[in-house]
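To start, the structure itself, in structure tokens.
Residue numbers (full-length UniProt numbering): 1 to 239.
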């Protein structure tokens, strides 16, 4: 593919979309760590310096794709998360299961999320950081609203906290759920090590279940990152 230089905003936006589309295809073929500007440039038929006319860095491209993936997941959940009957614990466990299973079907989102804080946010300008975090905030607010629809007992702040805790669970569980060849060989050689082999879906489901249970019992309804209350009211839900 060969490009002529973009001469207006419409053409520049088209170039950006083509670069994003090519990167999205690459992410279906390789992990985030293997996505390089050199290979991306080759695929879109641009010199690396020209790719950098449209995005300031590899990380800026990947962060924008993460924003797209988050919006896609939010849209999917909007159609699949419907209020159900049952106790708070039953609904919480069902919500955790739905989230874990839907995430397992979105490997690109999980891979990008696992690289977000440690890698992708380290080589971008303040402008890109603001754009990315603003998009993430909108997605988190949308997810919190869906969680509240499923579990109104949480409260607005704790629903947002649950989104943050779910994101942390994705970040930790994704690499653990993809062991190296050496670890796979170790598990095969010694069956006693089987409990150490992590399954991504199970890790996320169990982590979110425990997070929901803790939020419901503590009933603090605090902003994400806030200090806990001095006296924690204990609320039991119907078993």
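We put the beta carbon where it would ideally sit given N, CA and C, even for glycine.
For the 7 Å CB-CB criterion, residue 173 and residue 200 form a contact. Comparing alpha-carbon positions, the option among 151, 171, 143 lying closest to residue 160 turns out to be 143. Across the structure, residue 27 and residue 79 are spaced so that their CA atoms are roughly 25 Å apart.
In this model, residue 40 and residue 23 are separated by some 7 Å (Cα to Cα). Per DSSP, reduced to three states, the secondary structure at residue 56 is coil, with no helix or strand assignment. For residue 93, the secondary structure class from DSSP, reduced to helix, strand or coil, is helix. The C-alpha of residue 125 is placed about 14 Å away from the C-alpha of residue 134.
Within the segment 95-148, the alpha helix (DSSP H) runs of at least 4 residues that lie entirely inside it are, in chain order, 107-116. Taking the Cα positions, residue 53 is about 46 Å away from residue 92.
Within the segment 204-233, complete alpha helix (DSSP H) segments of at least 4 residues are not found at all. Secondary structure note for residue 42: its alpha helix (DSSP H) is the uninterrupted segment 37-44. Counting only the Cα atoms, residue 119 lies some 33 Å from residue 155.
When Cβ pairs closer than 8 Å are counted between the two stretches, the segment 63-80 is seen to touch the segment 90-109, the count reaching three or more.
Residue 151 and residue 84 have their C-alpha atoms some 9 Å from each other. Residue 30 carries a coil assignment under DSSP once its states are collapsed to helix, strand and coil.
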